[in-house]
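Peer 1: Positions 595 to 934 (the numbering used here) are the ones given, in order, by the sequence shown.
Ideal placement from N, C-alpha and C gives every residue a C-beta, glycine not left out.
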Amino acid sequence: MNAHEELNATVQAMVQQGKGILAADESAPTIAKRFKAIALESTEGNRRAYRSLILGTKGLGEFVSSVILFEETLLQRNDDGIALPELAARQGIVPGVKVDAGKIPLALAPGDEITQGLDGLAKRLEGYKKAGARFAKWRAVYNVSAALPSCAAIDANAHALARYAAICQEQGVVPIVEPEVLIDGDHSIERCAEVAEEVLHEVFNALFRQRVVLECIVLKPSMVVPGKEHARQATPAEVAAQTLRVLRRCVPAAVASINFLSGGQTPAQATANLDAMNRCGAQPWPLSFSYGRALLDPALKAWGGRVAQVHAGQAALLARTRLNGAACLGRYTATMEATP
Ligand code: 13P
595 MNAHEELNAT
605 VQAMVQQGKG
615 ILAADESAPT
625 IAKRFKAIAL
635 ESTEGNRRAY
645 RSLILGTKGL
655 GEFVSSVILF
665 EETLLQRNDD
675 GIALPELAAR
685 QGIVPGVKVD
695 AGKIPLALAP
705 GDEITQGLDG
715 LAKRLEGYKK
725 AGARFAKWRA
735 VYNVSAALPS
745 CAAIDANAHA
755 LARYAAICQE
765 QGVVPIVEPE
775 VLIDGDHSIE
785 RCAEVAEEVL
795 HEVFNALFRQ
805 RVVLECIVLK
815 PSMVVPGKEH
825 ARQATPAEVA
835 AQTLRVLRRC
845 VPAAVASINF
855 LSGGQTPAQA
865 TANLDAMNRC
875 GAQPWPLSFS
885 YGRALLDPAL
895 KAWGGRVAQV
905 HAGQAALLAR
915 TRLNGAACLG
925 RYTATMEATP
């Protein structure tokens, strides 16, 4: 297969009705934070146990088409000696990998951040592909205030996202393009919409300039929501209306799929908001999920690092993926939360 055929085959496997993406790619500092919440140390063994639990969940492939892994996970094996990406692939789940190297402060732009990791990326992708990865993820973050993000941050992050996407496509790896407008702060939903619109326009302009094939990317945006500290939180109908307005203005119809991040929403909020969007009628693209915390927090809590609780953790993960599968079809109701 040439790179283009590879891209098409992978996109087709990733984009399936009623299914979404599981983001199990917490970086070293992030997984340490998640484990701390359940009083577990972040050792290689504990991370391996956790990722084995996730990828060994029977039935996960019913609602999950693909899983984003952290680099370390690509080379880990479960207790039966099966490589973890292979464990996913056996359930029909496409394995992918987070390839950015995290964010640092953007020079001369106080409060803004830039994502690094472009140097040597093409070479690294060769290794990731050998380990089974068929797609990649790169996350850009945008802090919000009255003055942030600056034009400098919007330009620089769009350029990096587009360069990353071009490098991936040249290697036959589908890029997930993730511009995250952060939920932190007390800004209104209108301010979030304003920032999201600027960010997305710039991202698609840069993707065009770098000759990225839009049919072979997955966009992973944040939803348009008020800041966490804002006095008035929004209903799912409001989030859906604001988010769809921005996406329809900025995202070309050629984009293969839009899979939202959860970004600090509670699991139930993330599901209800996705469901509300899918009740708004047909859109130019499928609208699905690529959640980390909103899928994995309940599983982490149920597991708690205890061997005896592995099945409880897997059941919690499966329950959450089922609810989000329903939300992809606009068939979720809050009463389903109570049904085991
Ligand atoms: P959350 O859904 O927890 O925001 O994580 C998604 C993700 O992949 C962040 O990069």
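(1) List in chain order: all unbroken beta strand (DSSP E) runs of 3+ residues lying wholly within the region 816-873.
(2) Measure from the alpha carbon of residue 576 to the alpha carbon of each residue in 659, 666, 672, 698, then state which is nearest.
(3) If you pair each beta-carbon of the region 686-705 with each one of the region 660-667, do three or more pairs fall below 8 Å?
(4) Can you round the beta-carbon distance between residue 818 and residue 844 to whole angstroms, since I take them to be within the 8 Å contact cut?
(5) So, residue 867 versus residue 812, is the Cβ gap smaller than 9 Å?
(6) Using CA atoms only, rank isn't needed, just tell me which of 608, 801, 694, 790 is closest to residue 821.
(7) Assuming residue 805 is part of the beta strand (DSSP E), what are its boundary residues?
(8) Looking at C-alpha atoms only, which residue of 653, 681, 842, 651 is the closest neighbour of residue 877?
(9) Contact between the region 891-907 and the region 625-640: three or more CB pairs below 8 Å?
(10) What I want to know is whether the C-beta of residue 669 ends up closer than 8 Å to one or more non-hydrogen atoms of ligand 1.
(11) What is the rounded straight-line gap between the Cα of residue 797 and the Cα of residue 753?
(12) For a test of your reading of the model: does the CB of residue 855 fall under 8 Å from any non-hydrogen atom of ligand 1? Yes or no.
(13) In the DSSP assignment, find the alpha helix (DSSP H) that holds residue 881 and state where it starts and stops.
Peer 2: If we stick to the structure as given:
(1) 851-854
(2) With the chain covering only 595 through 934, there is no way to say anything about residue 576.
(3) yes
(4) Against the sequence shown, residue 818 aligns to sequence position 224. Against the sequence shown, residue 844 aligns to sequence position 250. Contact doesn't hold; Cβ gap of about 11 Å is too wide.
(5) Residue 867 sits at position 273 when you count from the first residue of the sequence shown. Residue 812 sits at position 218 when you count from the first residue of the sequence shown. The answer is no: Cβ separation not under 9 Å.
(6) In the sequence shown, residue 821 corresponds to position 227, counting from 1. Closest by alpha carbon: 790.
(7) Within the sequence shown, residue 805 is the residue found at index 211, counting from 1. Run containing residue 805: none; DSSP gives neither H nor E here.
(8) For this step, residue 877 is matched to residue 283 along the sequence shown. Among 653, 681, 842, 651, the Cα nearest to that of residue 877 is on 842.
(9) yes
(10) Locating residue 669 in the sequence shown gives position 75, where the first residue counts as 1. Checking every heavy atom of ligand 1 against the Cβ of residue 669, none is found closer than 8 Å.
(11) On the sequence shown, residue 797 is found 203 positions in, with the first residue counted as 1. On the sequence shown, residue 753 is found 159 positions in, with the first residue counted as 1. One C-alpha to the other measures close to 7 Å.
(12) Counting from one through the sequence shown, the residue named residue 855 turns up at place 261. For ligand 1, at least one heavy atom lies less than 8 Å from the Cβ of residue 855.
(13) As a first step, residue 881 must be located in the sequence shown, where it is residue number 287. Note, residue 881: premise wrong, no alpha helix (DSSP H); beta strand (DSSP E) at 881-885.
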